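Structure record follows, encoded as structure tokens.
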Amino acid sequence: MFKRTAVYVRGKTRSSKGRPAFAAFLAVTIAITLLQALLSLTPAQATSVNDCPGGAYSGEGSSSCPNLHNSDLVNQRAFPHALYRGDSRLPYEIFTHGFTARGSNDDLVSHIQGDRTNNSNFISTSGNLGLSETFARSQGVRNLDSAIAEPACSTGKMAIFAGIPWLGQLLLESCIGNVIRAETFVYVIDPMWARNALYVPDQIRGNANLYRQYVSQDEWAYVHRIPREAILGVRVYKMTARRDRGDTLDLRTLTFTYERFLANHYHTAARIDYDPGDDPIAHWNYYSDLHTPSLPVNQYNRGCSAADMCRGG
């Protein structure tokens, strides 16, 4: 074991008596900092399963709660500040039309298990940006596949590219290096103006196995539609991959890079709080069967009301 070398200042050994006091001070400082951080959490951050009532009182919570009114809904947490959806479709299309579900099937369990019939009445979003980026990356491979189907660069094209400053060099490198480029997207949704969603983990917690399987996706499933006005903007990601033999992608060379954020100008327009219960095309009402697992009846969730926030589960 190494010996500590004494440090001398003006002929005296530096005392270590102050170290315990300093350590105690540091510990108290850290504790206060953590406590302040905890107390500074907003209601949207410090969410609880008791935030928003379910059943007969569903849709009657605060402005940070879903506006859905349905007998199958159980109490759930409030919305986070923003939600995300990974998607390969272009911003012009989404900013113009918003998102619409594929079909009219209200079976939530079928939806989260893959919607094999492509008939779900739900639109998947997540409170987790990183997870949404994973979906965007997966979707973006489709855009790369579409790009690789385009004709390869001709000699004439390469000559034109060579004469264009900066951008031309990038295009030329794409031709020479057989690099395929495409974009993919993560759309940012403002739940303040689209409250027609339910928090999937809270709704399926009656089935422990199902809950454990899907809780990590942090999914908020929108019923039928996300209006364009509720979309804050889009995060744009660049994807590249090299062309392999036979015009296939070499996925070992795949890159995925965040580039920029594009704001949606429709978000600043007149806003309407969309309610699928008022939309006949949505096929949604209080009795729509979600096929969600029931919670065990106990003294906490029997006969819940808006007053007690439907405790339990």
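To convert, note that position 99 of the sequence shown is 133 in this note's numbering; the numbers rise steadily by one, no gaps. Ideal Cβ placement from N, Cα and C applies to all residues, glycine included. Small disclaimer: the values here were computed from a predicted structure and weren't measured.
What do you reckon, are the CB atoms on residue 222 and residue 156 nearer than 8 Å?
With respect to residue 156, residue 222 sits apart: the two C-beta atoms are not nearer than 8 Å.
Can you tell me whether DSSP reads residue 253 as helix, strand or coil?
Of the three classes helix, strand and coil, the one that applies to residue 253 here is strand, per DSSP.
Which residue's Cα is closest to the Cα of residue 251: 270, 162, 272, 220?
The shortest Cα separation from residue 251 among 270, 162, 272, 220 belongs to 162.
Cβ-based burial, residue 167 [other Cβ within 10 Å; buried from 16]
That one is buried.
Terminal residues of the alpha helix (DSSP H) in which residue 129 lies
Its alpha helix (DSSP H) spans residues 125 to 131.
Quick one: what does DSSP say residue 158 is sitting in, helix, strand or coil?
Residue 158 falls in the strand class under three-state DSSP.
Where does residue 328 land, buried or exposed, given buried means 16+ other C-beta within 10 angstroms?
By the beta-carbon neighbour count (other beta carbons within 10 angstroms, threshold 16), residue 328 is exposed.
Would you kindly work out how many angstroms separate the C-alpha atoms of residue 214 and residue 90, rounded to a whole number?
For residue 214 and residue 90, the gap between their C-alpha atoms comes out near 53 Å.
Unbroken beta strand (DSSP E) run spanning residue 284, endpoints
It spans 282 to 297 - the beta strand (DSSP E) in which residue 284 sits, taken as one unbroken run.
Option nearest residue 281 by Cα separation, candidates 88, 180, 141
When only C-alpha atoms are compared, the closest one is 180.
Have a look at residue 310 and residue 172 and give me their C-alpha separation to the nearest angstrom.
C-alpha separation (whole angstroms): 30 Å.
Taking the C-alpha atoms as reference points, what is the distance between residue 176 and residue 330?
Distance between residue 176 and residue 330, taken at the CA atoms: about 43 Å.
Pull up the DSSP beta-bridge partners for residue 217, would you.
In the DSSP secondary-structure assignment, residue 217 is bridged to 272.
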